[in-house]
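Colleague: Mind the numbering: the sequence shown is residues 779 to 1109 in our numbering, read in order.
Can you read through this structure? Questions will come right after.
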Amino acid sequence: AATEFTRTPVTVTVTGAGGQIGYALLFRAASGQLLGHDVPVNLRLLEIPQGRAAAEGTALELQDGAFPLVSSITVTEDATAAFDGVNIALLVGARPRGPGMERSDLLEANGAIFGPQGAAINTGAASDVRVLVVGNPANTNALIASAHAPDVPAERFTAMTRLDHNRAVAQLAAKLGVPVSAIDGLIVWGNHSASQYPDISHATVHGRPVTELVDEDWLAHEFIPRVAKRGAEIIEVRGSSSAASAASAAIDHVHDWVSGTGERWTSAGVVSDGSYGVPEGLVSSFPVRSAGGAWEVVQGLDIDAFSRARIDASVAELVEERDAVRALGLI
Ligand code: NAD
Ligand code: LMR
779 AATEFTRTPV TVTVTGAGGQ IGYALLFRAA SGQLLGHDVP VNLRLLEIPQ GRAAAEGTAL
839 ELQDGAFPLV SSITVTEDAT AAFDGVNIAL LVGARPRGPG MERSDLLEAN GAIFGPQGAA
899 INTGAASDVR VLVVGNPANT NALIASAHAP DVPAERFTAM TRLDHNRAVA QLAAKLGVPV
959 SAIDGLIVWG NHSASQYPDI SHATVHGRPV TELVDEDWLA HEFIPRVAKR GAEIIEVRGS
1019 SSAASAASAA IDHVHDWVSG TGERWTSAGV VSDGSYGVPE GLVSSFPVRS AGGAWEVVQG
1079 LDIDAFSRAR IDASVAELVE ERDAVRALGL I
């Protein structure tokens, strides 16, 4: 017998839907891996004119997937329509750095995207809206979007550092010859950039402290740079930036946010409440758990001098980005 879903569909909007992350992400959202195998979804695909045809093609393929959970598929270039009633907003589309573009040009170009999208979310989103920013520079784009959505609690705007977290877990598991599931307590701090700090000082493997099993030389000269520069490594090897792994991390982030993590930790870019000396209001990666549909920062961890210096360096970069977008009048 055909399955009928009586639950109200959840509206999921993906920006940059015609791009490579969108292509991987939408199929997993359609299959139930984002929100659960009993939750129907309305998929809204937002693009700009240059990406419209690709998004239309993705929509045709989504239809051809005959996903029982998909209630509707809409392709639009209108942010107001895309975010009207949205519950889950995945902000993937961003302006990549072009030839001759300075960092401030990049921030300004992205401000022109994430400001209006934040405003459209403010106007039209459902009261339970949750936003994940994937498009780079993700942390600062989340800050910009949030600044344009004064009626949406700031903690509903998050930035993706789950890919960095997953990369760190995978590298550590490979080094120790254990399954990824044996590892807990890993943290990525700071910015989704090469300044990020993947921190193993609280990590355990099968309950045993990882610091007993690896030496500081490997940590400082192999693990940390490998994880922090993995995005560049993928671009070099694959010829374009990570897509399926980025989509997978976005699925993990939203799934954990909505469904909860239990006692397990993960990492997410969330608005700082001043914890661990990170200036209040910055969107920075922290150790987090999710309960009741909200992220909470894991509190009370000892931060040694090695970690302190690295957290401070990445947070300093976030402060610089914030000051730059403030100077441009984007927040
Ligand atoms: P892509 O170029 O394949 O796709 C991006 C799409 O966004 C394009 O189709 C483009 O037309 C669209 N777009 C641009 N501006 C838009 C707007 N204003 N509204 C709607 N759509 C818009 O890129 P991709 O590989 O899918 O990557 C997307 C972004 O994700 C990039 O910024 C990339 O750097 C970032 N990224 C982040 C992480 C992370 O861990 N946070 C990981 C990988 C990639
Ligand atoms: C990644 O971490 O894979 C991406 O953020 C890299 C990039 O620059 O798009």
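Cβ coordinates follow ideal geometry from the N, Cα and C atoms, glycine included.
Below 8 Å, how does it come out for the stretch 820 to 832 and the stretch 786 to 802: are there three or more Cβ pairs, yes or no?
Modeller: As far as the Cβ criterion goes, the stretch 820 to 832 touches the stretch 786 to 802, which means the pair count is three or higher.
Colleague: Hey, is Met879 close to the ligand NAD, as in C-beta under 7 Å from one of its heavy atoms?
Modeller: Counted from its first residue, the sequence shown places residue 879 at position 101. Answer for Met879: no, Cβ out of range of the ligand NAD.
Colleague: How many whole angstroms separate the CB atoms of Ala952 and Ala937, which I take to be in contact at a CB cut-off of 8 Å?
Modeller: Numbered from 1 along the sequence shown, position 174 holds the residue referred to as residue 952. Numbered from 1 along the sequence shown, position 159 holds the residue referred to as residue 937. That pair is no contact at about 26 Å.
Colleague: Residues in its own chain within less than 8 Å of Glu1098 by CB, not counting five upstream and five downstream?
Modeller: Within the sequence shown, the letter at position 320 stands for residue 1098. Once the five neighbours on either side are set aside, Glu1098 has no close Cβ partner at all.
Colleague: Check whether the stretch 932 to 951 and the stretch 885 to 894 are in contact - that is, three or more C-beta pairs closer than 8 Å.
Modeller: Result no; under three Cβ-Cβ pairs closer than 8 Å.
Colleague: Which runs of the alpha helix (DSSP H), 4 residues or longer, sit entirely within the stretch 1028 to 1105?
Modeller: Runs of the alpha helix (DSSP H) inside the stretch 1028 to 1105: 1083 to 1105.
Colleague: Apply the 10 Å Cβ neighbour rule to Gly1047 and answer buried if 16 or more other Cβ atoms are within range, or exposed otherwise.
Modeller: Translated into positions along the sequence shown, residue 1047 becomes position 269. So Gly1047 counts as buried.
Colleague: What residue range is occupied by the uninterrupted beta strand (DSSP E) comprising Pro976?
Modeller: Within the sequence shown, numbered from 1, the residue matching residue 976 stands at position 198. 975 to 977 is the span of the beta strand (DSSP E), which, as asked, contains Pro976.
Colleague: Find the nearest neighbour of Asp906 within the set Val790, Gln1077, Leu869, judged by alpha-carbon distance.
Modeller: Locating residue 906 in the sequence shown gives position 128, counting from the first residue. It is Val790.
Colleague: Reducing DSSP to helix, strand and coil, say where Thr786 ends up.
Modeller: Here residue 786 refers to the residue found at position 8 when the sequence shown is read from its first residue. Coil at Thr786, not helix or strand.
Colleague: Distance, Cα to Cα, Phe854 vs Ala802?
Modeller: Here the question's residue 854 lines up with position 76 in the sequence shown. Here the question's residue 802 lines up with position 24 in the sequence shown. Strictly speaking, residue 854 in this sequence is Thr, with Phe absent from that position. Computed Cα separation, rounded: 19 Å.
Colleague: Between Asp1080 and Gly814, what straight-line distance do the alpha-carbon atoms span, to the nearest angstrom?
Modeller: On the sequence shown, residue 1080 is found 302 positions in, with the first residue counted as 1. On the sequence shown, residue 814 is found 36 positions in, with the first residue counted as 1. If I take the Cα positions, the gap works out to 36 Å.
Colleague: With respect to the beta strand (DSSP E) encompassing Thr852, which residues constitute its N-terminal and C-terminal limits?
Modeller: The count along the sequence shown starts at 1 and reaches residue 852 at position 74. Thr852 -> beta strand (DSSP E) spans 848 to 854.
Colleague: Using only the alpha-carbon positions, how far apart do Ala779 and Trp1043 sit?
Modeller: For the purposes of this step, residue 779 is identified with residue 1 of the sequence shown, where counting begins at 1. For the purposes of this step, residue 1043 is identified with residue 265 of the sequence shown, where counting begins at 1. Because the pLDDT at Ala779 is just 46, under 50, the model does not fix this residue reliably, and the value given afterwards should be weighed accordingly. So the two alpha carbons sit approximately 40 Å from each other.
Colleague: Can you tell me whether Glu1095 sits near the ligand NAD, meaning its C-beta is under 7 Å from at least one heavy atom of the ligand?
Modeller: Here residue 1095 refers to the residue found at position 317 when the sequence shown is read from its first residue. The answer is no for Glu1095.
Colleague: Straight-line CA distance for Ala808 to Val819?
Modeller: Locating residue 808 in the sequence shown gives position 30, counting from the first residue. Locating residue 819 in the sequence shown gives position 41, counting from the first residue. Each residue's Cα considered, the two are about 7 Å apart.
Colleague: Which runs of the alpha helix (DSSP H) at least 4 residues long sit entirely within the stretch 964 to 1028? Give them in chain order.
Modeller: Segments of the alpha helix (DSSP H) lying fully in the stretch 964 to 1028: 1002 to 1006, 1008 to 1016.
Colleague: Specify whether the stretch 880 to 890 and the stretch 852 to 869 touch according to this definition: at least 3 beta carbon pairs, one from each stretch, less than 8 Å apart.
Modeller: These segments do not touch.
Colleague: Could you check if Ile1013 is buried or exposed, using at least 16 other CB atoms within 10 Å of its CB as the buried criterion?
Modeller: Taking the sequence shown and counting its residues from 1, one reaches residue 1013 at position 235. The residue is exposed, with fewer than 16 neighbouring Cβ atoms inside 10 Å.
Colleague: Sorry if obvious, but does the Cβ on Leu1108 come closer than 7 Å to a heavy atom of the ligand LMR?
Modeller: Start at 1 with the first residue of the sequence shown, and residue 1108 comes out as number 330. Checking every heavy atom of the ligand LMR against the Cβ of Leu1108, none is found closer than 7 Å.
Colleague: Could you check which residue in Ala1022, Gly1038, Ala981, Asp1090 has the C-alpha nearest to that of Gly1009?
Modeller: Stepping through the sequence shown from its first residue, residue 1009 is reached at position 231. Checking every option, the nearest Cα to that of Gly1009 belongs to Ala1022.
Colleague: If you follow the beta strand (DSSP E) that Arg822 is in, where does it begin and where does it stop?
Modeller: The residue you call residue 822 lines up with position 44 of the sequence shown. Run containing Arg822: 819 to 824, per the beta strand (DSSP E) assignment.
Colleague: Any residue with its C-beta under 5 Å from a non-hydrogen atom of the ligand LMR counts. Can you list them all in chain order?
Modeller: Listed along the chain, these residues meet the criterion: Gly1009, Ser1019, Ser1020.
Colleague: Among all the DSSP beta bridges, which residues are the ones paired with Arg945?
Modeller: Taking the first residue of the sequence shown as position 1, residue 945 is located at position 167. DSSP output for Arg945 lists no bridge partner at all.
Colleague: Between the stretch 954 to 963 and the stretch 979 to 988, do at least 3 Cβ pairs fall closer than 8 Å?
Modeller: The stretch 954 to 963 is in contact with the stretch 979 to 988.
Colleague: For Asp962, which three-state DSSP category applies?
Modeller: Here residue 962 is taken as the residue at index 184 of the sequence shown, counted from 1. Of the three classes helix, strand and coil, the one that applies to Asp962 here is strand, per DSSP.
Colleague: Taking 8 Å as the cut-off, decide whether the C-beta atoms of Val870 and Val792 are in contact.
Modeller: By 1-based counting over the sequence shown, the position of residue 870 is 92. By 1-based counting over the sequence shown, the position of residue 792 is 14. In this structure, Val792 lies closer than 8 Å to Val870 by Cβ.
Colleague: At the level of alpha carbons, what is the spacing between His1031 and Ser1063?
Modeller: Taking the first residue of the sequence shown as position 1, residue 1031 is located at position 253. Taking the first residue of the sequence shown as position 1, residue 1063 is located at position 285. Their Cα atoms are separated by approximately 12 Å.
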